[in-house]
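Colleague: Taken in order, these protein sequences are the chains called P and A.
Under the numbering used here, the first residue of the first sequence carries the number 22, and numbering increases by one thereafter.
Under the numbering used here, the first residue of the second sequence carries the number 22, and numbering increases by one thereafter.
There are 2 protein chains.
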Amino acid sequence: MSKIKKDNTEEKILEAAKTVFIKKGMDGARMQEIANEAGINKALLHYYFRSKQKLFEAIFTNLFKQIFPNIIKLMTSEEPIEKKLKEFIENYIDILTNNPRLPAFILREINRGVDFFGQIFRSQSINPNIIFAMFENEMEKGNIVRMNPRDIMLNILSMCLFPFAAKPLMQLMLFENDSEAYTQFMEERKASVTKFVLNAILLKDKHL
Amino acid sequence: MSKIKKDNTEEKILEAAKTVFIKKGMDGARMQEIANEAGINKALLHYYFRSKQKLFEAIFTNLFKQIFPNIIKLMTSEEPIEKKLKEFIENYIDILTNNPRLPAFILREINRGVDFFGQIFRSQSINPNIIFAMFENEMEKGNIVRMNPRDIMLNILSMCLFPFAAKPLMQLMLFENDSEAYTQFMEERKASVTKFVLNAILLKDKHL
DNA sequence: GTCTATACGCAGATAGAC
DNA sequence: GTCTATCTGCGTATAGAC
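(1) Rounded to whole angstroms, what's the CA-CA distance from residue 176 (chain P) to residue 39 (chain P)? Just pull it up for me.
(2) Can you find a C-beta in chain A that's less than 9 Å from the C-beta of residue 161 (chain P)?
(3) Within 10 Å of its beta-carbon, does residue 46 (chain A) have 16 or more other beta-carbons around it, so buried, or fewer, so exposed?
(4) Taking the C-alpha atoms as reference points, what is the distance between residue 2 (chain P) and residue 41 (chain A)?
(5) Who are the near neighbours of residue 202 (chain P) in its chain, counting only those whose CB is closer than 6 Å to its CB and skipping five residues on each side?
(6) Just curious, the alpha helix (DSSP H) that residue 93 (chain A) is in, first and last residue?
(7) Rounded to whole angstroms, what's the CA-CA distance from residue 72 (chain P) to residue 37 (chain P)? Just pull it up for me.
(8) Which of the three DSSP states, helix, strand or coil, is assigned to residue 224 (chain A)?
(9) Looking at the C-beta of residue 120 (chain P), does it have a partner C-beta in chain A at a distance below 9 Å?
(10) In its own chain, which residues sit with a C-beta less than 6 Å from the C-beta of residue 90 (chain P), not counting the 5 before and 5 after it?
(11) Specify whether the region 198-214 of chain P and the region 169-183 of chain A touch according to this definition: at least 3 beta carbon pairs, one from each stretch, less than 8 Å apart.
(12) Tell me whether residue 85 (chain A) is buried or exposed, calling it buried when 16 or more other Cβ atoms sit within 10 Å of its Cβ.
(13) Exposed or buried, residue 25 (chain P), counting other C-beta atoms within 10 Å across all chains shown (16 or more means buried)?
(14) Identify, in the order they occur along the chain, each residue of the same chain with its Cβ nearer than 7 Å to the Cβ of residue 28 (chain A), setting aside the five sequence neighbours on each side.
(15) Looking at the structure shown, is residue 61 (chain A) part of a helix, part of a strand, or coil, going by DSSP?
(16) Give the single residue among A:190, A:167 and A:213 whose Cα lies nearest to the Cα of residue 222 (chain A).
(17) In terms of DSSP beta bridges, what is residue 165 (chain A) paired with?
(18) For residue 134 (chain P), which three-state DSSP category applies?
(19) Can you find a C-beta in chain P that's less than 9 Å from the C-beta of residue 125 (chain A)?
(20) Below 9 Å between beta carbons: does that hold for residue 88 (chain A) and residue 214 (chain A)?
(21) Please work out which residues of its chain come closer than 6 Å, Cβ to Cβ, to residue 113 (chain P), disregarding the five sequence neighbours upstream and downstream, and give them in chain order.
(22) What's the call for residue 229 (chain A), buried or exposed, on a 16-neighbour Cβ count within 10 Å?
(23) Answer with yes or no whether the minimum CB distance from residue 180 (chain A) to chain P is below 9 Å.
(24) Residue 96 (chain P) and residue 151 (chain P) - do their beta-carbons sit closer together than 9 Å?
(25) So, is the C-beta of residue 105 (chain P) closer than 9 Å to a C-beta in chain A?
(26) Listed from N- to C-terminal order along the chain, which residues in the region 165-190 of chain A have their beta-carbon within a distance smaller than 9 Å of any beta-carbon of chain P?
(27) Within this structure, are the beta carbons of residue 187 (chain A) and residue 128 (chain P) separated by less than 9 Å?
(28) Taking residue 149 (chain A) as the reference, which of A:165, A:100 and A:178 has the closest Cα?
(29) Cα-Cα, which of A:118, A:153, A:204 and A:49 is closest to residue 93 (chain A)?
(30) Does the beta carbon of residue 131 (chain P) come closer than 9 Å to any beta carbon on chain A?
(31) My understanding is that residue 33 (chain A) touches residue 56 (chain A), with C-beta atoms under 8 Å, so please give their C-beta distance in whole angstroms.
(32) Can you list, in chain order, the residues of its chain whose CB lies under 6 Å from that of residue 54 (chain A), leaving out five sequence neighbours each side?
(33) Is there a Cβ of chain A sitting closer than 9 Å to that of residue 114 (chain P), yes or no?
(34) Residue 131 (chain A) and residue 189 (chain P) look like a contact to me (Cβ under 8 Å); what is the Cβ gap, rounded to whole Å?
(35) Helix, strand or coil: which one does DSSP assign to residue 145 (chain A)?
(36) With H, G and I counted as helix, E and B as strand and the rest as coil, what does DSSP make of residue 217 (chain P)?
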């Protein structure tokens, strides 16, 4: 009984903190606002998590992991490169569509000396080398153009993440602040970005 | 004499505020830190700029304009599309290399309801429609692949801006936190991104 | 576990001397 | 114009009742 209550409250706090931290960032967030959002008292926040810092770390660690989904799994399957990239891009944009504020949040915090993300990153066992090796293998086989595999990876991540991170600006620039149009545009980008990337790197015939 | 002094101090304040705001953001910056950085007293900040908010607006407005350099000029010259894009990408990455923290700063602030950037943006008379029209014209002529010109623009901006905005993370992911290597990598990207974009959209022979 | 009340420090802003 | 000293409010954190 008391156990259940505890879990519910902790859950509510985490949910509220997530909402507020994502919107305002560590520096801009207020414990009072989190408490209001959770429908509880400010003191309870300190009862469950000792400090604002601790609460933030719990949220950040959790959210950070979402920014790198199962890249490895997708990138090292036995599918042909076209399919691998297509699936990755589509899945990734889908994830971001469901968490549109995530990129801006992560960027904001990693650019404020939050340094423990290095630790989190390593604990994820992402190992980019496997992905680079995969691209290099495709180059050996003559399937894709020769280039630094890091550029391929970074270009893909850029085109997926940046439009979300810069949404307020791009929405204004590209669609005169029409939010609906921007959302629709992001949906279409799943195909558009895939095509763009494949055009850029595939050596076989361009299948437009 | 007093005029000169005034100008010097105001200059020093603006320089210091720029440094601190870029690093810490509006929420994280402290007036005391700006005063220290400028080598003056905290009260002087309020003498020259009435409030932290006013000071921030001065800095933000100024920096925001740097994020959109002379796009129009480059994009509407009479040069062939290959040259236009090459020059834009190279110039832009150069600008960002000299102001590496700018993208992260702008992204952070536009994602915090700083809404006056809309006003600034319009005052810049950027008019993206001219650029879109240029791309559509190239499509008509059969020079580049048919696609939403907004995607082209956004993809280019993404690949230029994101690597700077996400530097702490990408440096870790791609180069195991070797700062030198990342800087070198960004230099090489001027050519790499150009090639990538041209491969993606040019219909003529791929000149690798 | 949850609340109210309060301590305490910090940061933005002002007063006033020089 | 520039400084020191000070006010004021806010935000984190704690004490203590229930």
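For each residue, glycine too, the CB sits at the ideal point set by N, CA and C.
As the structure is a prediction and not an experimental result, all values here were calculated from the model.
Modeller: This is what the structure gives:
(1) Numbered from its first residue, the first sequence carries residue 176 (chain P) at position 155. Numbered from its first residue, the first sequence carries residue 39 (chain P) at position 18. So the two alpha carbons sit approximately 29 Å from each other.
(2) Along the first sequence, one-based indexing puts residue 161 (chain P) at 140. Output row for residue 161 (chain P): interface = no.
(3) Taking the first residue of the second sequence as position 1, residue 46 (chain A) is located at position 25. Flag for residue 46 (chain A) reads buried.
(4) Any property of residue 2 (chain P) remains undetermined from this structure, which presents chain P solely from 22 to 229.
(5) Counting from one through the first sequence, the residue named residue 202 (chain P) turns up at place 181. Only 196 meet the Cβ criterion.
(6) Along the second sequence, read from residue 1 onward, the residue named residue 93 (chain A) stands at position 72. From DSSP, the alpha helix (DSSP H) with residue 93 (chain A) extends over 92-96.
(7) Reading the first sequence from its first residue, position 51 is the one you call residue 72 (chain P). Reading the first sequence from its first residue, position 16 is the one you call residue 37 (chain P). Going by the C-alpha atoms only, they are around 15 Å apart.
(8) Position 203 of the second sequence, counted from the start, is the residue given in the question as residue 224 (chain A). Note: residue 224 (chain A) maps to coil in three-state DSSP.
(9) Locating residue 120 (chain P) in the first sequence gives position 99, counting from the first residue. False, the Cβ-Cβ gap to chain A never drops below 9 Å.
(10) As a first step, residue 90 (chain P) is located in the first sequence; it is residue number 69 there, counting from the start. Result list for residue 90 (chain P): 116, in chain order.
(11) Taking a cut-off of 8 Å for Cβ pairs, the region 198-214 of chain P and the region 169-183 of chain A touch, as three or more such pairs fall below it.
(12) Locating residue 85 (chain A) in the second sequence gives position 64, counting from the first residue. By the neighbour-count criterion, in which 16 or more other beta carbons inside 10 Å mark a residue as buried, residue 85 (chain A) falls on the buried side.
(13) Residue 25 (chain P) sits at position 4 when you count from the first residue of the first sequence. Below a pLDDT of 50, predicted positions are generally treated as unreliable, and residue 25 (chain P), at 49, falls in that range; the measurement from the model is reported next regardless. Classification of residue 25 (chain P): exposed, given that the 10 Å Cβ count is below 16.
(14) Walking along the second sequence from the start, residue 28 (chain A) turns up at place 7. Within the same chain, no residue comes within 7 Å of residue 28 (chain A) by CB-CB distance, once the 5 residues on both sides are set aside.
(15) Translated into positions along the second sequence, residue 61 (chain A) becomes position 40. Annotated three-state conformation of residue 61 (chain A) is coil, per DSSP.
(16) Stepping through the second sequence from its first residue, residue 222 (chain A) is reached at position 201. Residue A:167 is the option with its Cα nearest to residue 222 (chain A).
(17) As a working mapping, residue 165 (chain A) is identified with position 144 in the second sequence. Answer is A:223, bridged to residue 165 (chain A).
(18) The residue labelled residue 134 (chain P) in the question sits at position 113 within the first sequence. Note: residue 134 (chain P) maps to coil in three-state DSSP.
(19) As a first step, residue 125 (chain A) is located in the second sequence; it is residue number 104 there, counting from the start. Flagged as an interface residue toward chain P: residue 125 (chain A), by a C-beta distance shorter than 9 Å.
(20) Translated into positions along the second sequence, residue 88 (chain A) becomes position 67. Translated into positions along the second sequence, residue 214 (chain A) becomes position 193. No. Outside cutoff.
(21) Against the first sequence, residue 113 (chain P) aligns to sequence position 92. Result list for residue 113 (chain P): 181, in chain order.
(22) Within the second sequence, residue 229 (chain A) is the residue found at index 208, counting from 1. Since pLDDT at residue 229 (chain A) reaches only 42, below the 50 mark, its modelled position is unreliable, and the value read off the structure follows with that caveat. Flag for residue 229 (chain A) reads exposed.
(23) Taking the second sequence and counting its residues from 1, the one referred to as residue 180 (chain A) is at position 159. So yes, residue 180 (chain A) belongs to the interface.
(24) For the purposes of this step, residue 151 (chain P) is identified with residue 130 of the first sequence, where counting begins at 1. For the purposes of this step, residue 96 (chain P) is identified with residue 75 of the first sequence, where counting begins at 1. Yes, Cβ-Cβ distance for residue 151 (chain P) and residue 96 (chain P) is below 9 Å.
(25) As a position in the first sequence, residue 105 (chain P) is number 84, starting the count at 1. The beta-carbon of residue 105 (chain P) is placed no less than 9 Å from the nearest beta-carbon of chain A.
(26) If the cut-off is 9 Å between Cβ atoms, the region 165-190 of chain A has 166, 167, 168, 169, 171, 172, 173, 174, 175, 176, 178, 179, 180, 181, 182, 183, 184, 186, 187, 188, 189 and 190 near chain P.
(27) The residue labelled residue 187 (chain A) in the question sits at position 166 within the second sequence. The residue labelled residue 128 (chain P) in the question sits at position 107 within the first sequence. Yes.
(28) Here the question's residue 149 (chain A) lines up with position 128 in the second sequence. Minimum Cα distance to residue 149 (chain A) is reached at A:178.
(29) Counted from its first residue, the second sequence places residue 93 (chain A) at position 72. The residue among A:118, A:153, A:204 and A:49 with its C-alpha nearest the C-alpha of residue 93 (chain A) is A:153.
(30) Residue 131 (chain P) sits at position 110 when you count from the first residue of the first sequence. Chain A has a Cβ within less than 9 Å of the Cβ of residue 131 (chain P).
(31) Here residue 33 (chain A) is taken as the residue at index 12 of the second sequence, counted from 1. Here residue 56 (chain A) is taken as the residue at index 35 of the second sequence, counted from 1. The beta-carbon distance between residue 33 (chain A) and residue 56 (chain A), rounded to whole angstroms, is 10 Å. This is too long to meet the 8 Å contact definition.
(32) Within the second sequence, the letter at position 33 stands for residue 54 (chain A). When the five nearest sequence neighbours on each side are left out, the beta carbons in the same chain lying within less than 6 Å of the beta carbon of residue 54 (chain A) are those of 41, in order along the chain.
(33) As a working mapping, residue 114 (chain P) is identified with position 93 in the first sequence. So, not an interface residue.
(34) Translated into the one-based positions of the second sequence, residue 131 (chain A) becomes position 110. Translated into the one-based positions of the first sequence, residue 189 (chain P) becomes position 168. Correct: roughly 5 Å between the Cβ atoms.
(35) One-based indexing of the second sequence puts residue 145 (chain A) at position 124. Coil, per DSSP.
(36) Working through the first sequence from its first residue, we reach residue 217 (chain P) at position 196. Helix.
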